[in-house]
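Trainee: Under this note's numbering, think of the first position of the sequence shown as 44, with each following residue one higher.
For each residue, glycine too, the CB sits at the ideal point set by N, CA and C.
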Amino acid sequence: MSALDQVPVPPKITRAQKAAAAKTASVLVEALPYIRRFRSKVVVVKYGGNALFADESAGDGADALASFAQDVVLMRAVGILPVVVHGGGPQIGELMTRLGKETEFRNGLRVTDADTLDIARMVLVGKVNRDIVSAINVHGPLAVGMSGEDANLITAAPTHADLGFVGNVAVVDPTMLERLVAEGIIPVVATIGADDAGQAYNINADTVAGALAEALGAEKLIFLTDTEGLRVVADDPTTVIHQASLEVIDEIVRSGGIVGGMMPKVEACARAVRSGVSRAHILDGRVPHALLLELFTDSGVGTMVVQ
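#1: The alpha helix (DSSP H) that contains residue 252, what's its start and end?
#2: Which ranges would you report for the alpha helix (DSSP H) in the segment 133-202 if only whole runs of at least 4 residues count?
#3: How far does the alpha helix (DSSP H) with residue 69 in it extend, from its first residue to its last?
#4: Exposed or buried, what is residue 71 when buried is set at 16 or more other beta-carbons lying within 10 Å of its beta-carbon?
#5: Among 228, 223, 209 and 221, whose alpha-carbon lies nearest the alpha-carbon of residue 234?
#6: Measuring straight from C-alpha to C-alpha, what distance separates residue 142 and residue 163?
#7: By Cβ distance, which residues of its chain are closer than 8 Å to residue 218, with the 5 residues on each side in sequence left out?
#8: Select from 323, 228 and 281 the residue whose C-alpha is nearest the C-alpha of residue 188.
#9: Distance check for residue 207 and residue 296, CA to CA, integer angstroms please.
#10: Does DSSP put residue 330 in a helix, a strand or coil?
#11: Assuming contact is defined by CB atoms lying nearer than 8 Å, are residue 220 and residue 267 in contact in what I supplied?
#12: Is it buried or exposed, residue 56, if we count other Cβ atoms within 10 angstroms and call 16 or more buried?
#13: Please classify residue 55: does DSSP put it in a helix, a strand, or coil?
#14: Are the beta-carbon atoms belonging to residue 211 and residue 198 less than 8 Å from one another?
#15: Whose C-beta lies closer than 6 Å to the C-beta of residue 236 among residues of the same chain, with five residues either side of it excluded?
#16: Output the distance between the C-alpha atoms of residue 294 and residue 301, rounded to the nearest integer angstrom.
#17: Could you check whether residue 326 and residue 345 sit closer than 8 Å to each other, using their CB atoms as the reference points?
#18: Tell me whether the beta-carbon of residue 89 lies closer than 8 Å to the beta-carbon of residue 248.
#19: On a Cα-Cα basis, can you pick out the residue from 123, 159 and 214 that is closest to residue 137?
#20: Compare the beta carbon distance of residue 173 and residue 263 with 8 Å and say whether it is the shorter of the two.
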């Protein structure tokens with residue numbers, strides 16, 4: 044028997060396998076110009092508590108978080124510099140219910156007394172932040188968790204006395220974020236800030252994401268939430284628009300088409316774009332790999348806000 048007779052014959056490639064390989068190659072070719080364009084650019088991604096909670100409620104939260112982590116890791120692998128900001132409102136509400144504490148909202152904001160602030164810090168910093176960091180670090184030592192209190196990242200100011208320890212972003216010091224990003228680390232930011240006296244405040248995560256995108260001179264600001272994009276008519280899913288200028292955004296706001304939790308996202312998008320962020324996006328975080336679809340395909344999957 045010759046040596047050639049001992050070489051195993053590889054299995055034949057089926058037509059379906061050839062088609063799948065060709066599709067994969069086509070996707071990679073489509074992604075190439077976007078990878079080149081966004082390489083070495085900062086992209087701030089806000090992973091909404093609503094998107095995460097919706098998946099947890101449906102019983103597939105671990106899969107959804109793993110998919111999000113894969114997207115972020117792939118972004119970093121091709122040279123994009125992601126910064127993750129996360130919310131956790133539904134998770135805070137769930138724990139408050141379990142503890143027998145009532146939740147009060149005023150103008151869409153949670154009234155936050157000292158006990159509620161402790162719960163918010165515990166959920167955001169101790170639970171949600173750690174879950175996201177751990178999901179990313181399955182792929183290697185890539186992510187570091189922090190909150191706005193760390194290294195004076197976010198100096199907060201009270202929103203209104205009636206709301207208790209609910210804050211606004213007064214000042215952003217991006218020094219620590221810039222150092223982490225320069226070292227190839229993916230920062231994961233929980234949205235608790237502190238004032239000059241060290242008093243902590245819970246801050247709307249959409250507002251924080253927009254403020255960090257501005258401070259970092261980000262190329263993109265991306266919101267992952269539980270809706271498919273921005274609607275012209277709030278309760279009509281057929282009115283989703285895939286691209287909107289600032290002029291269009293202003294008109295929809297004036298007409299009352301933006302309500303509830305979408306308002307801070309839209310305001311953050313508009314402010315960021317006006318401040319020099321090239322593009323802002325609102326995506327359905329429940330769609331598998333929504334980040335990659337929006338970043339690396341011609342069609343995208345959500346709403347893009349432009350000048």
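Mentor: On the basis of the supplied data:
#1: 248-259
#2: 157-166 and 172-180
#3: 58-81
#4: exposed
#5: The candidate whose alpha carbon is nearest that of residue 234 is 209.
#6: 13 Å
#7: Result list for residue 218: 194, in chain order.
#8: 228
#9: 28 Å
#10: coil
#11: Going by C-beta atoms, residue 220 is not nearer than 8 Å to residue 267.
#12: Residue 56 should be labelled exposed.
#13: Three-state result, residue 55: coil.
#14: no
#15: So the list reads 191, 197, 199, 210, 244 and 246, once near-sequence residues are dropped.
#16: 10 Å
#17: Contact: yes.
#18: yes
#19: The residue with the shortest Cα to Cα distance from residue 137 is 159.
#20: no
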